[in-house]
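Undergrad: Pasting a structure below so you can have a look.
In my numbering, the protein residues as written are 73 to 489.
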């Protein structure tokens, strides 16, 4: 088995007539994540077009707030924000002031919304970097107003108000609208720029408590919104829709939508599951990230041989075991051991044994001509073959975002067209 990369790729091309992706030259460990700028751009445009149907009568098109929190769902927050701003994203959503500052330092000029608000003492830093905070407690207004009063500029500092409509996580209670309006009237340096809520189960449509929850959240939100207007407060930009609501609940689109996982190429899980196929047909997306590594060792072992920690996998036949240069320290979910697969030369090869921190074992007995140096796709796209992250996630009982965000900082992200 020759240990030559060029021969390996030539062999792969011969055995796999599909287009073989160009393999980058890396100075370190052979594990990397390819992020497709064209797929990301496609998804943003598809979402924008979907929520702005040509037959709808609107004075202004709905805005798109691209969620780039969690390091851009593992894709690299500042880098994907640069791609998305160029592609026309109107807003960006981050978790914290520190995330927002990193995105702003990348040259992003569009508004950045800090979704989980601010910690006491962060107010001036938010204002300094032109970040728009979310207020989820009435008492936050006074601190933000004091920081805004210190500015040399006379224009008001804009913020968005989050209402808790049933998730019981963050946001003022809908019954506290009067209190909020009273507190806001005392804050001469603040301007309400938008009002939002977050759905707890927008992907559920079956007749159940979860299926009814989103409709009830909508009702509570819009009643509170009308009360806000009745008190003379302009709500600004109204936004409710997360990924599942964008795909399947047009009544929630309001003035702006907040795509998260669908921006990166995957629909969330729906209940009933049959809705996935319908949503994928109505709103086709492209996977943005492909997590890849190489085979760094091949070992022929007889039947009855234990592999890996605790010999949790025992061969039932003479087998060829490949060792990958990636483990759970890179983003290969530990629970994939014995349950997941990877793409090798267009074929699915099972992950065997316990996934280690730095390496993973696979069974390549049924992959003809496999060699050391072979490129392996843990999930994503390889030429004409796709091993989607949402399918991998379903196989181990987790969500797609869990896999994407698990790709660690030691894995280089390569941004390709």
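Built from N, CA and C at the ideal position, the CB exists for glycine as well.
With a 10 Å radius around its C-beta and 16 neighbouring C-beta atoms as the bar for buried, classify residue 129 as buried or exposed.
TA: Exposed, since its Cβ has fewer than 16 Cβ neighbours within 10 Å.
Undergrad: Using 8 Å as the cut-off, can you tell me whether the segment 351-361 makes contact with the segment 393-406, which would need three or more C-beta pairs spanning the two stretches below that distance?
TA: At 8 Å Cβ cutoff, the stretches do not touch.
Undergrad: Quick one: residues in its chain with C-beta nearer than 7 Å to the C-beta of residue 317, no 5 flanking neighbours on either side, listed in chain order?
TA: Here the set comprises 271, 274 and 324.
Undergrad: Can you check whether the CB of residue 399 is closer than 8 Å to the CB of residue 437?
TA: Cβ distance not < 8 Å, so residue 437 and residue 399 don't count as in contact.
Undergrad: Exposed or buried, which one is residue 243 when buried takes at least 16 other CB atoms within 10 Å?
TA: With 16 or more other Cβ atoms within 10 Å, it is buried.
Undergrad: For residue 304, which residues of its own chain have a beta-carbon under 7 Å away from its beta-carbon, when the five flanking residues on both sides are left out?
TA: Answer for residue 304: no residue qualifies.
Undergrad: Taking residue 113 as part of the alpha helix (DSSP H), name the residues at either end of that continuous run.
TA: Residue 113 -> alpha helix (DSSP H) spans 109-122.
Undergrad: My understanding is that residue 448 touches residue 365, with C-beta atoms under 8 Å, so please give their C-beta distance in whole angstroms.
TA: At roughly 5 Å, the Cβ-Cβ gap stays under 8 Å, so residue 448 and residue 365 are in contact.
Undergrad: Determine the extent of the beta strand (DSSP E) in which residue 413 is found, giving its start and end residues.
TA: Residues 413-416.
Undergrad: Give me the residue from 204, 245 and 346 with the minimum Cα distance to residue 168.
TA: Considering only alpha carbons, the answer is 204.
Undergrad: Roughly how many angstroms lie between the CA atoms of residue 451 and residue 469, to the nearest whole one?
TA: Using only the alpha carbons, I get a separation of about 16 Å.
Undergrad: For the candidate residues 331, 378 and 386, whose alpha-carbon lies nearest to that of residue 112?
TA: When only C-alpha atoms are compared, the closest one is 331.
Undergrad: On the DSSP letters alone, give me the boundaries of the alpha helix (DSSP H) that residue 242 sits inside.
TA: Taken as a continuous stretch (DSSP letters only), residue 242 belongs to no alpha helix (DSSP H), as it is neither H nor E.
Undergrad: Taking Cβ to Cβ, would you say residue 373 is nearer than 8 Å to residue 425?
TA: Not in contact: residue 373 and residue 425 (Cβ atoms no closer than 8 Å).
Undergrad: Taking only the alpha-carbon atoms, compute the straight-line gap between residue 306 and residue 190 and give it to the nearest angstrom.
TA: If you take the alpha carbons of residue 306 and residue 190, they lie about 23 Å apart.
Undergrad: Which residues mark the beginning and the end of the beta strand (DSSP E) in which residue 421 is found?
TA: Unbroken beta strand (DSSP E) run through residue 421: 419-424.
Undergrad: Can the beta-carbon of residue 131 be found less than 8 Å from the beta-carbon of residue 161?
TA: No, they are not a contact pair.
Undergrad: Quick one: Cα of residue 141 to Cα of residue 149, how far?
TA: One C-alpha to the other measures close to 7 Å.
Undergrad: Measuring only the C-alpha atoms, how far is residue 413 from residue 404?
TA: Cα-Cα distance, rounded: 11 Å.
Undergrad: What residue range does the alpha helix (DSSP H) around residue 474 cover?
TA: Per DSSP, residue 474 belongs to the alpha helix (DSSP H) from 472-477.
Undergrad: Looking only at its own chain, which residues have a Cβ that is under 7 Å from the Cβ of residue 93, when we skip the five neighbours before and after it?
TA: Summary for residue 93: the model assigns pLDDT 49, below 50, so the residue's position carries little reliability, and this model does not support an answer.
Undergrad: Who are the Cβ neighbours of residue 256 in its own chain at under 8 Å, not counting the five residues just before and after it?
TA: These residues qualify, in order along the chain: 213, 262, 264 and 305.
Undergrad: Residue 136 and residue 119 look like a contact to me (Cβ under 8 Å); what is the Cβ gap, rounded to whole Å?
TA: So it is a contact: roughly 6 Å between Cβ atoms.
Undergrad: Beta carbon of residue 124, beta carbon of residue 134: below 8 Å?
TA: Cβ atoms of residue 124 and residue 134: closer than 8 Å.
Undergrad: Mapping DSSP to helix, strand and coil, what is residue 129?
TA: Coil, per DSSP.
Undergrad: From residue 195 to residue 109, what distance separates their C-alpha atoms?
TA: Between residue 195 and residue 109, the C-alpha separation is close to 34 Å.
Undergrad: Locate the beta strand (DSSP E) running through residue 367, then write down its first and last residues.
TA: Unbroken beta strand (DSSP E) run through residue 367: 361-373.
Undergrad: Tell me whether residue 127 is buried or exposed, calling it buried when 16 or more other Cβ atoms sit within 10 Å of its Cβ.
TA: Exposed, by the Cβ-count rule.
Undergrad: Is the Cβ-Cβ distance between residue 355 and residue 311 less than 8 Å?
TA: Cβ atoms of residue 355 and residue 311: not closer than 8 Å.
Undergrad: Nearest to residue 251 by CA position, among 383, 341 and 233, is which residue?
TA: Ranking the options by Cα distance to residue 251, first place goes to 233.
Undergrad: Mind reading off the beta-carbon distance from residue 224 to residue 199? Whole number of angstroms is fine, and I expect it under 8 Å.
TA: At roughly 11 Å, the Cβ-Cβ gap does not stay under 8 Å, so residue 224 and residue 199 are not in contact.
Undergrad: For residue 333, count neighbouring C-beta atoms within 10 Å of its own C-beta (all shown protein chains included) and say buried if the count is 16 or more, exposed if not.
TA: Counting Cβ neighbours within 10 Å, residue 333 comes out buried, since at least 16 surround it.
Undergrad: Given a cut-off of 8 Å, decide if residue 421 and residue 402 are closer than it, judged by their beta-carbon atoms.
TA: Against a cut-off of 8 Å, the Cβ pair of residue 421 and residue 402 comes out as no contact.
Undergrad: Can you name the residues that DSSP bridges to residue 451?
TA: Its beta-bridge partners are 363.
Undergrad: Tell me where the beta strand (DSSP E) around residue 381 begins and ends.
TA: Residue 381 -> no beta strand (DSSP E), and no H or E assigned at all.
Undergrad: What's the call for residue 321, buried or exposed, on a 16-neighbour Cβ count within 10 Å?
TA: Classification of residue 321: buried, given that the 10 Å Cβ count is 16 or more.
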